[in-house]
Amino acid sequence: MDTSTTAPATLDLGVAGMTCASCVNRVERALKKVPGVSDAVVNLATESARVTYAPSGQMEAQIRRAVRNAGYEPRSAEQAQQEDLSPWAGFAPVALGLLLSLPLVVPMVGDLAGKHWMLPAWLQFVLATPVQFILGARFYKAGWHALKAGTGNMDLLVAIGTSAGWGLSMWLWLAQGHEHLYFEASAVVVTLVLLGKWLEARAKRQTTTAIRALQALRPEIAHVILRSGGEADLPLAEVLAGDRLVVRPGERIPADGVLEQGDTHVDESMLTGEPLPVAKGQGARVTGGSINGEGRFVMQATAVGHESVLARIIRLVEDAQAAKAPIQRLVDQVSAVFVPVVLVLAAITLGGWLLAGGGVEEALIHAVAVLVIACPCALGLATPAAIMAGTGVAARQGILIKDAQALELAHRVDTVAFDKTGTLTVGQPRLVDFVAAPGVEADALLAAAASLQSGSEHPLARAVVAAARERQLTVAAPDAVRAVAGRGTEGEVANRSYLIASLRWLEELGVPLGALEADVRRLQGQGATLSAFVERATEGLVLRALMAFADEPKAGAAEALAQLRARGLRLVMISGDNRAAAVAMAARLGLAPEEVQAEVLPGDKAARVAALRENGHVVAMVGDGVNDAPALAAADVGIAMGTGTDVAMHAAGVTLMRGDVGLVAGALDISRRTVRKIRQNLFWAFAYNVAGIPLAALGYLSPVVAGAAMALSSVSVLTNALLLKRWRLPGR
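If you count by full-length UniProt numbering, then the sequence shown holds residues 1 to 732, one letter each, in order.
So this is what it looks like as C-alpha cells:
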C-alpha cells in the first residue's frame with residue numbers, strides 16, 4: 001500500500017506500568033522504532049501515548065505490540081475510563097505494607113527513648129519478606145523489563161536497593177548471628193514507595209478533572225421527535241444531524257443545533273466560562289452540553305458526536321494535555337542517563353566507604369540509601385502535571401489552550417496585536433449615513449446597493465441590506481456578482497453595472513470624488529468607515545454615493561486593553577479601515593494614534609505581524625475572522641475568539657470561548673503561572689536529588705529517610721501543580 005500521499009493517522013492509547021521519566025523515554029523510543037511511525041509523545045501524568053503514523057492495516061497492532069515488548073501494558077481509552085476513581089482505590093497493598101512494617105519500626109522508636117525492643121530475627125524475617133517479594137513484586141517485574149530493554153528506571157533502583165538491604169539482613173542473621181538487622185529498612189522503603197505511588201495516583205486523577213468534567217456534560221439520552229409522530233428516548237450515539245429534539249427544563253442539551261420552538265435561558269458556563277444564563281429564542285444557536293433553564297423547547301440538531309462544539313473542546317484540551325512542552329527536552333536528556341549515573345554513584349559510595357575503613361554493613365547501607373533517594377519520577381511529572389492543571393483550569397474559565405508550546409510561549413509575549421472588527425468591536429456595523437451625489441435619488445441608489453450585496457455575508461453588506469429593509473425598499477436579486485478581495489464587490493442590478501468599492505480601490509481605479517469630496521472629509525473626521533457606490537456608465541466609472549458605517553466597541557474592551565497596558569505590554573490595533581476611522585475607534589478604546597496600523601489589506605496582516613517579530617518582539621495576535629487566520633499562524637501565539645470562525649480557531653494556539661477581550665489577559669496570566677509552576681517543579685525535582693544523593697552517600701540519610709524523601713518528591717511536585725486549580729481570571 002502506498003502511504004506517501006495518505007494523511008497521517010493518530011492513535012491515543014493508555015500505557016500502564018510507567019513509573020518515571022526513564023519509562024517515558026523507553027516507551028517513546030520503542031514506538032518511534034516501529035516502521036511507519038513518524039512521531040510519538042508519551043505523557044507520564046496521564047499514563048498515555050499519542051502516536052502519529054502512516055495508516056495501514058497492521059499499524060495499530062504493531063504499535064500495541066511495541067508497547068508490550070518494552071515491558072508495559074497497552075490499554076484502550078475505554079479501559080482507562082473504567083478505572084476505579086474512588087479516593088481509596090489501590091490502597092489495599094499500602095495498608096498491608098503499613099500493617100507489616102509497623103512492628104519493625106517500633107524498635108527504632110524504642111531506641112530513641114532508650115529502650116531495647118528488638119524483635120527476634122525470625123519475626124523480622126516473617127514480617128519483612130512478604131513486603132519485599134509480594135508487595136514489592138511490581139518493582140522486580142518492571143525493573144527486569146527495564147534491564148531486558150537495556151535501560152533503567154525507578155523500579156530498578158528500588159528493587160536493587162531494597163534487595164540489598166534484605167540480603168544484608170539475611171547474611172548478618174544466618175552467617176554472623178547478629179541481632180541488629182536491616183529488615184525494617186527494606187520493608188519500610190517498599191511501603192513508603194507504594195504509599196508515594198498511591199498518593200501520586202490520587203493527585204494525577206485530580207489533574208484530569210477538567211477532561212472528566214467536560215465528558216460528563218454529555219447526556220446519555222435525547223428526546224427525539226419521530227417522523228411518524230410522537231417522541232422516543234434514544235441513546236445519544238443514535239442521534240443524527242437533522243433530527244428534531246425536545247429539551248425539557250433543567251436538562252442538558254444533547255447536541256448542537258438551532259432552536260425552532262420555544263424560549264428559554266441557557267447556562268453555558270461549563271463551555272464558555274460565562275456565569276450568567278443566556279436568553280435563547282427562535283433561530284438561536286444552542287450548544288450541546290449546556291443546561292436548559294426554565295423553558296421547554298424544540299431544536300434541530302446540526303452537529304452531533306465528534307462534530308459538536310463540546311467534542312472539539314474536549315479534543316483541544318486532550319491535545320494540550322498530551323503535548324510535550326519544549327522545556328521538557330531538558331528533562332528527557334537528563335532522565336536518559338539518570339539511572340545509569342545513580343548506579344555508578346551507588347557503586348562509588350560502596351567503594352568509598354570500604355576504602356575509608358567502614359565495614360561492609362555500613363558501606364552497603366549507605367549505597368542502598370543512594371539508590372533509594374534517587375528517583376527520576378518527580379522529573380517526569382514536573383512538566384506534564386503543571387500543563388494538565390493549567391490547561392484544565394483555563395478550560396473551565398473559557399480559555400482553550402491548543403498546545404503546550406503556545407502555553408509556554410505566551411508568558412514571554414511583550415506585544416499584543418488586535419484585529420479591530422469583531423475582536424475589539426461588536427462586529428455588527430450600522431449604515432449611519434448614505435450620501436447621494438447631487439441630482440440622484442438616494443432611495444433608488446440604496447435599493448440598488450442593497451440588491452448588489454444581498455447575497456453577501458460580509459458585515460458591511462448586511463448593514464446595507466438591513467438599512468434598505470428598514471426603509472421598506474425593494475431588494476432584488478443581482479446578476480454576475482464578483483467579490484474583489486480586499487477591495488469590494490461588482491455586479492449588475494436591473495441591467496445596470498455597479499461597484500461597491502473601498503476608497504483605496506476608488507483611488508486605484510482613478511475615480512474622482514467630485515462633489516462628494518467634502519463629504520468624504522467630513523465623514524472620515526467623524527471616524528466612519530466609508531464605501532463608495534460607483535456606476536459603470538457610458539462615460540466611465542462615476543461615483544454615485546457614499547456609504548458611512550460605524551461600529552461600537554465591545555463592552556469592557558477599553559478596560560481590558562488598559563489592564564494589558566498596565567502589565568507593560570505593547571498594544572497594536574490592525575485595521576483595514578482608513579486611518580481617520582481607525583484612529584477614531586482607537587480613541588474610544590483608549591489606544592493612541594501611534595498604536596494603530598490602518599488601511600491594512602487582509603492578506604497583509606500576517607506581514608505586519610511578521611514585521612513586529614522581526615523587530616525583536618514576541619507577538620500575540622488576537623482575531624476572529626477567516627482573514628485573520630494567516631496572521632494568527634504568523635504570530636508567536638495566535639489567540640482566536642471562539643465567536644469567530646473555525647478557520648481562525650484552527651490557526652490559533654489559544655481559543656477564547658466567548659468574545660470577551662478580558663480573556664486575553666487571562667490567557668497570558670495562566671501561561672505565566674503555569675510556566676512558573678513548571679520551573680518550580682523542575683527546581684524541586686532536581687533539588688531533591690542534588691541535595692539528597694550527596695547526603696545519602698556521606699551517610700547522613702538512612703534508607704528509611706531516603707525512601708520517605710523519594711515519595712515526598714513526587715507528591716510535592718504534583719501538589720504544587722494542583723495549586724493552579726485555584727486560579728481565577730484576573731479582576732474577576
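Every residue, glycine too, gets a C-beta built ideally from N, C-alpha and C.
Item to check | CB-CB length for residue 558 against residue 589, believed under 8 angstroms | outcome: The residue you call residue 558 lines up with position 558 of the sequence shown. The residue you call residue 589 lines up with position 589 of the sequence shown. Indeed they touch by this definition, with Cβ atoms about 5 angstroms apart.
Next on the checklist: Assuming residue 468 is part of the alpha helix (DSSP H), what are its boundary residues?
Outcome noted: One-based indexing of the sequence shown puts residue 468 at position 468. Segment 459-470, the alpha helix (DSSP H) holding residue 468.
Item to check | For residue 369, three-class secondary structure by DSSP | outcome: Mapped onto the sequence shown, residue 369 falls at position 369. Helix at residue 369.
Checklist entry - Which same chain residues, not among the five before or five after residue 47, have their C-beta less than 7 angstroms away from its C-beta? => result The residue given as residue 47 occupies position 47 in the sequence shown. Once the five neighbours on either side are set aside, the close Cβ partners of residue 47 are 14, 15, 16, 18.
Next on the checklist: Quick check: residue 572 and residue 417, are their CB atoms within less than 9 angstroms of each other?
Outcome noted: Taking the sequence shown and counting its residues from 1, the one referred to as residue 572 is at position 572. Taking the sequence shown and counting its residues from 1, the one referred to as residue 417 is at position 417. Cβ atoms of residue 572 and residue 417: closer than 9 angstroms.
Checklist entry - Roughly how many angstroms lie between the CA atoms of residue 437 and residue 511, to the nearest whole one? => result Taking the first residue of the sequence shown as 1, we reach residue 437 at position 437. Taking the first residue of the sequence shown as 1, we reach residue 511 at position 511. Looking at the two C-alpha atoms, the distance is approximately 14 angstroms.
Checklist entry - Per DSSP, what kind of secondary structure is residue 388 in: helix, strand or coil? => result Mapped onto the sequence shown, residue 388 falls at position 388. Correct three-state label for residue 388: helix.
Next on the checklist: Considering just the uninterrupted stretch of the beta strand (DSSP E) at residue 574, what are its terminal residues?
Outcome noted: Numbered from its first residue, the sequence shown carries residue 574 at position 574. Here the beta strand (DSSP E) through residue 574 covers 570-574.
Checklist entry - Any idea if residue 718 is buried or exposed, counting beta-carbon neighbours within 10 angstroms, 16 or more meaning buried? => result The residue labelled residue 718 in the question sits at position 718 within the sequence shown. Flag for residue 718 reads buried.
Checklist entry - CB-CB under 7 angstroms to residue 443, same chain, minus the five flanking residues each way: which ones, in chain order? => result Mapped onto the sequence shown, residue 443 falls at position 443. Contacts found: 471, 473.
Checklist entry - To the nearest whole angstrom, what separates the beta carbons of residue 346 and residue 379, a pair I think is in contact under 8 angstroms? => result Counting from 1 along the sequence shown, the entry for residue 346 is found at position 346. Counting from 1 along the sequence shown, the entry for residue 379 is found at position 379. With a Cβ gap of about 18 angstroms, residue 346 and residue 379 do not count as contacting.
Next on the checklist: With a threshold of 7 angstroms on Cβ separation, who are the neighbours of residue 381 within its own chain once the five nearest residues in sequence on each side are excluded?
Outcome noted: Mapped onto the sequence shown, residue 381 falls at position 381. Correct list, in chain order: 44, 45, 714, 717, 718.
Item to check | residue 644 burial status per 10 Å Cβ neighbour count (16 or more: buried) | outcome: Residue numbering aside, residue 644 sits at position 644 when the sequence shown is read from its first letter. Only weak support is given to the placement of residue 644: the predicted model assigns it a pLDDT of 49, under 50, and the question is left unresolved by the model.
Next on the checklist: Give me, in chain order, the residues of the same chain whose beta-carbon lies closer than 7 angstroms to that of residue 268; leave out the 5 immediate sequence neighbours on both sides.
Outcome noted: Translated into the one-based positions of the sequence shown, residue 268 becomes position 268. Closer than 7 angstroms at the Cβ level, and outside the excluded window around residue 268, lie 274, 278, 287, 290.
Checklist entry - If we ignore side chains and look at the alpha-carbon of each, how far apart do residue 349 and residue 686 end up? => result As a working mapping, residue 349 is identified with position 349 in the sequence shown. As a working mapping, residue 686 is identified with position 686 in the sequence shown. C-alpha separation (whole angstroms): 20 angstroms.
Next on the checklist: By the three-class DSSP mapping on this structure, what secondary structure does residue 669 have?
Outcome noted: Along the sequence shown, one-based indexing puts residue 669 at 669. Reduced to three states, the DSSP call for residue 669 is helix.
Next on the checklist: Looking at residue 556: is its Cβ nearer than 9 angstroms to the Cβ of residue 661?
Outcome noted: In the sequence shown, counting from the first residue as 1, residue 556 sits at position 556. In the sequence shown, counting from the first residue as 1, residue 661 sits at position 661. The answer is yes: Cβ separation under 9 angstroms.
Next on the checklist: Alpha carbons only, please: which of 166, 491, 468 is nearest the one belonging to residue 751?
Outcome noted: Given that the chain is displayed from residue 1 to residue 732, the structure contains no residue 751 and the question cannot be resolved.
Checklist entry - By DSSP, does residue 420 sit in helix, in strand, or in coil? => result Here residue 420 refers to the residue found at position 420 of the sequence shown. Residue state, collapsed to three classes: coil.
Checklist entry - Since residue 407 and residue 392 are thought to touch, with beta carbons under 8 angstroms apart, how far apart are those beta carbons, to the nearest angstrom? => result The residue given as residue 407 occupies position 407 in the sequence shown. The residue given as residue 392 occupies position 392 in the sequence shown. Between residue 392 and residue 407 the Cβ distance is about 12 angstroms, and since that is not below 8 angstroms, they are no contact.
Checklist entry - With respect to the alpha helix (DSSP H) encompassing residue 551, which residues constitute its N-terminal and C-terminal limits? => result Numbered from its first residue, the sequence shown carries residue 551 at position 551. Neither: residue 551 is in no alpha helix (DSSP H) and is coded neither H nor E.
Item to check | Those runs of the alpha helix (DSSP H) which lie wholly inside the segment 15-83 and span at least 4 residues | outcome: 21-32, 59-69, 77-81
Checklist entry - What residue range is occupied by the uninterrupted beta strand (DSSP E) comprising residue 264? => result Residue 264 sits at position 264 when you count from the first residue of the sequence shown. It spans 264-267 - the beta strand (DSSP E) in which residue 264 sits, taken as one unbroken run.
Checklist entry - Along the chain, which unbroken stretches of the alpha helix (DSSP H) at least 4 residues long are found entirely within the segment 104-181? => result 121-130, 137-148, 154-171
Checklist entry - Any heavy atom of the ligand NAP closer than 8 angstroms to the CB of residue 699? => result Judged by which ligands are present, the structure shown has none, so any question about the ligand NAP falls away.
Checklist entry - Would residue 683 be called buried (16 or more neighbouring beta carbons within 10 Å of its own) or exposed? => result Reading the sequence shown from its first residue, position 683 is the one you call residue 683. By the 10 Å Cβ count, residue 683 comes out exposed.
Checklist entry - What residues in its chain sit with their C-beta under 8 angstroms from that of residue 192, if we drop five residues either side in the sequence? => result The residue labelled residue 192 in the question sits at position 192 within the sequence shown. 704, 707, 708, 710, 711, listed in sequence order.
Checklist entry - So what's residue 453 in DSSP terms, helix, strand or just coil? => result As a first step, residue 453 must be located in the sequence shown, where it is residue number 453. Coil, per DSSP.
Checklist entry - Run through DSSP, which three-state label would residue 200 get? => result Mapped onto the sequence shown, residue 200 falls at position 200. Of the three classes helix, strand and coil, the one that applies to residue 200 here is helix, per DSSP.
Next on the checklist: By DSSP's criteria, residue 280 is part of a beta bridge. Which residues make up the other side?
Outcome noted: Residue 280 sits at position 280 when you count from the first residue of the sequence shown. In the DSSP output, where bridge partners are listed per residue, residue 280 has 264.
Next on the checklist: Across the segment 659-678 and the segment 722-730, are there enough close Cβ pairs to call them in contact, namely three or more that are closer than 8 angstroms?
Outcome noted: yes
Checklist entry - Does the beta-carbon of residue 477 have 16 or more other beta-carbons within 10 angstroms, so that it is buried, or is it exposed? => result In the sequence shown, the residue the question calls residue 477 occupies position 477. Exposed, because fewer than 16 other Cβ atoms sit within 10 Å of the Cβ of residue 477.
Checklist entry - Mapping DSSP to helix, strand and coil, what is residue 3? => result As a working mapping, residue 3 is identified with position 3 in the sequence shown. Because the pLDDT of residue 3 is 44, which lies under 50, any placement of that residue in the model is unreliable, and the question is left without a value.
Checklist entry - Which term fits residue 397, buried or exposed, when burial requires 16 or more other beta carbons within 10 angstroms of its beta carbon? => result On the sequence shown, residue 397 is found 397 positions in, with the first residue counted as 1. Burial call: buried.
Checklist entry - What residues match up with residue 223 in a beta bridge as DSSP calls it? => result Counting from 1 along the sequence shown, the entry for residue 223 is found at position 223. In DSSP, residue 223 forms a bridge with 233, 246.
Checklist entry - Who are the near neighbours of residue 354 in its chain, counting only those whose CB is closer than 6 angstroms to its CB and skipping five residues on each side? => result Position 354 of the sequence shown, counted from the first residue, corresponds to residue 354. Only 363 meet the Cβ criterion.
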